[in-house]
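One structure below.
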Amino acid sequence: MEKAYESCMLCPRLCGVNRNAGEVGFCGETAELRLAWAGLHFGEEPPVTGTGGSGTIFVTGCNLGCSFCQNYQISHESMGKAVTGYQFFDICCALRDAGAENINIVTGSHAIPALASYLTAARDRGFSLPILWNSSGYETVDALKLLSGIVDRWLPDLKTLNSAVSDRFFRAADYPETACNALLYMAELAEKSSFQPAMIVRHLVLPEQVDDSREVLAWFAANLRKRAFLSVMTQYTPVPQAGVNSEQPPDRFLLGNEYDSLPILLDRYGIEEGFMQELVEDSSWLPDFTRTQPFSSSLARPVWHWSSGFVQDTGNE
Numbered sequence: 604m605e606k607a608y609e610s611c612m613l614c615p616r617l618c619g620v621n622r623n624a625g626e627v628g629f630c631g632e633t634a635e636l637r638l639a640w641a642g643l644h645f646g647e648e649p650p651v652t653g654t655g656g657s658g659t660i661f662v663t664g665c666n667l668g669c670s671f672c673q674n675y676q677i678s679h680e681s682m683g684k685a686v687t688g689y690q691f692f693d694i695c696c697a698l699r700d701a702g703a704e705n706i707n708i709v710t711g712s713h714a715i716p717a718l719a720s721y722l723t724a725a726r727d728r729g730f731s732l733p734i735l736w737n738s739s740g741y742e743t744v745d746a747l748k749l750l751s752g753i754v755d756r757w758l759p760d761l762k763t764l765n766s767a768v769s770d771r772f773f774r775a776a777d778y779p780e781t782a783c784n785a786l787l788y789m790a791e792l793a794e795k796s797s798f799q800p801a802m803i804v805r806h807l808v809l810p811e812q813v814d815d816s817r818e819v820l821a822w823f824a825a826n827l828r829k830r831a832f833l834s835v836m837t838q839y840t841p842v843p844q845a846g847v848n849s850e851q852p853p854d855r856f857l858l859g860n861e862y863d864s865l866p867i868l869l870d871r872y873g874i875e876e877g878f879m880q881e882l883v884e885d886s887s888w889l890p891d892f893t894r895t896q897p898f899s900s901s902l903a904r905p906v907w908h909w910s911s912g913f914v915q916d917t918g919n920e
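Its first residue numbered 604, the sequence shown is counted upward by one per residue in the working numbering.
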C-alpha cells in the first residue's frame with residue numbers, strides 16, 4: 604500500500620507527489636485515510652438503500668473537484684479525520700450492527716490502496732456485507748484493478764462526454780474518455796457479481812446542458828444498457844461555495860422544459876431499467892458536515908462523525 608503513494612500516479616491527475624511524506628496532490632490528501640461521516644443513508648436508489656439503509660462512508664478529499672459539488676466541505680475544504688485500519692473496521696461493524704444493507708464507499712478514488720487493504724482485512728475478519736463503490740468515474744483502470752474481488756456493486760457517475768464541459772467545471776478535459784474506460788471495466792467486474800443490479804450508472808443533468816445529457820444517454824444505451832441500470836438525477840442545486848476557486852457553475856435549478864425532455868430521450872434510446880428523480884427546487888436538503896447529522900433525519904441516521912467519533916445521539920445536531 605505504501606509504495607502506491609510514494610510518487611502518486613493513482614488517478615488520472617498523475618500528480619507524482621510523495622503522499623507518504625505528507626505531500627498532497629490535486630485530491631488534497633496524504634497517504635492517511637481520512638473520513639468525514641458514516642451512517643445509514645435512506646436516499647439512495649432502492650436497490651442500494653434496501654430496507655435497512657445503505658451504510659455510507661464519506662471519504663475526505665476528491666481527485667475531481669466538481670465546481671458544483673454538494674459535498675464541497677469534504678471534497679474542497681478537507682473536512683475529516685484520519686482513521687487506522689482497525690478504526691475503519693470498527694466503523695464498518697457499527698454500520699452493520701445498525702442495520703446497514705451494505706457498505707457504501709463515497710468518493711474513495713484517491714484512497715484506493717488504503718481502502719482495498721482495509722476492506723480485505725475486514726473480509727479476512729469475517730465481515731460479510733456487500734461493498735459498494737460510489738465514485739465520480741474519474742479513475743484509471745489500473746487503480747480499479749486493485750478493487751477486483753473486493754467491491755460487489757458499482758455506483759459510478761457519468762457526468763459528461765463533453766471535454767469542454769469537463770474542463771470548465773472539473774479542470775479535467777480527459778474526463779469523458781477516462782470515465783468511459785473506467786465504466787466499461789466496472790461493467791466487466793459487475794458481470795461476476797452475484798448482486799443485481801451490480802452496476803448503477805448515475806448521471807446528474809446540469810442546467811443548460813441537456814444536449815450533453817443526450818450524448819451521455821446515447822453512449823449508455825450503446826455500451827451499458829444491457830449491463831447496468833441508469834439513474835438520472837435532476838437534483839442539481841446551486842452551491843456558490845463549491846465554485847469559489849474554479850469556474851462558476853450554473854446558478855439555477857433545472858427548468859421544467861429541460862426536465863420534460865429527459866423521458867423522451869430515455870424512450871428514444873430504449874433505456875427502461877433504472878431510476879429518475881422528480882424535479883424539486885429545494886436547497887434545504889444540502890448536507891452540512893459540520894453537524895453530526897448533516898442530512899435531514901428522514902434521509903440519514905449518523906453512526907460516526909469526524910469531529911466526535913461514534914454518535915450516541917442521533918438527533919439533528
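Just so you know, even glycine gets a beta-carbon here, dropped at the ideal spot from N, CA and C.
Residues sharing a beta bridge with residue i, DSSP
i	result
M879	V835
W757	W736, M802
H679	BP columns for H679 are empty, so no partner.
L613	Answer is none; L613 lacks a bridge partner.
L718	None; L718 has no bridge partner.
F913	W907
V686	L636
L807	M836
Neighbourhood of residue i by C-beta, 8 Å cutoff - its chain only, sequence neighbours within 5 removed
i	result
S657	L643, H644, F645, E647, V651, A703, E704, N705, N707, L735
A821	Y872
Status (buried if at least 16 other CB within 10 Å, exposed otherwise) for residue i
i	result
Q915	exposed
S816	buried
R825	It should be pointed out that residue 825 corresponds to Ala in this sequence rather than to Arg. A825 comes out exposed.
G846	Unreliable positioning characterises G846 in this predicted model, as indicated by a pLDDT of 49, which lies under 50. A coordinate reading is not provided.
D745	exposed
R592	No statement about residue 592 is possible, as the shown extent of the chain runs from 604 to 920 and does not include it.
N860	exposed
T763	buried
G668	buried
R728	exposed
Q799	exposed
A782	buried
F913	exposed
Y608	buried
V883	exposed
Limits of the unbroken beta strand (DSSP E) element including residue i
i	result
G658	657 to 662
L636	636 to 644
R904	903 to 908
I706	706 to 709
The alpha helix (DSSP H) enclosing residue i, as first and last residue numbers
i	result
S929	The structure shown does not extend to residue 929, since the chain is modelled only from 604 to 920, so the question has no answer here.
S864	859 to 871
D745	744 to 747
N826	813 to 826
D854	Premise fails: D854 is in no alpha helix (DSSP H) and is neither H nor E.
F773	766 to 773
R651	Looking at the sequence provided, one finds Val at residue 651 rather than Arg. V651 -> alpha helix (DSSP H) spans 649 to 652.
Cβ-based neighbour list, residue i, same chain, cut-off 6 Å, excluding 5 preceding and 5 following
i	result
E876	F832
G918	Low confidence applies here, because G918 scores a pLDDT of 45, under 50, leaving its location unreliable and the question unanswered by this model.
ask   = Counting Cβ pairs closer than 8 Å, one from the stretch 894 to 901 and one from the stretch 622 to 635, do we hit at least three?
value = Under the 8 Å Cβ criterion, the stretch 894 to 901 does not count as touching the stretch 622 to 635, having fewer than three qualifying pairs.
query = So does the stretch 661 to 673 actually touch the stretch 706 to 716, counting three or more Cβ pairs closer than 8 Å?
reply = With a cut-off of 8 Å, the stretch 706 to 716 and the stretch 661 to 673 count as touching, because enough Cβ pairs lie within range.
ask   = How about the stretch 672 to 683 and the stretch 787 to 795: do they share at least three Cβ pairs that are nearer than 8 Å?
value = The stretch 672 to 683 vs the stretch 787 to 795: no contact.
message = Counting beta carbon pairs with one atom in the stretch 779 to 786 and one in the stretch 754 to 771, are three or more of them shorter than 8 Å?
response = Contact holds: three or more Cβ-Cβ distances are below 8 Å.
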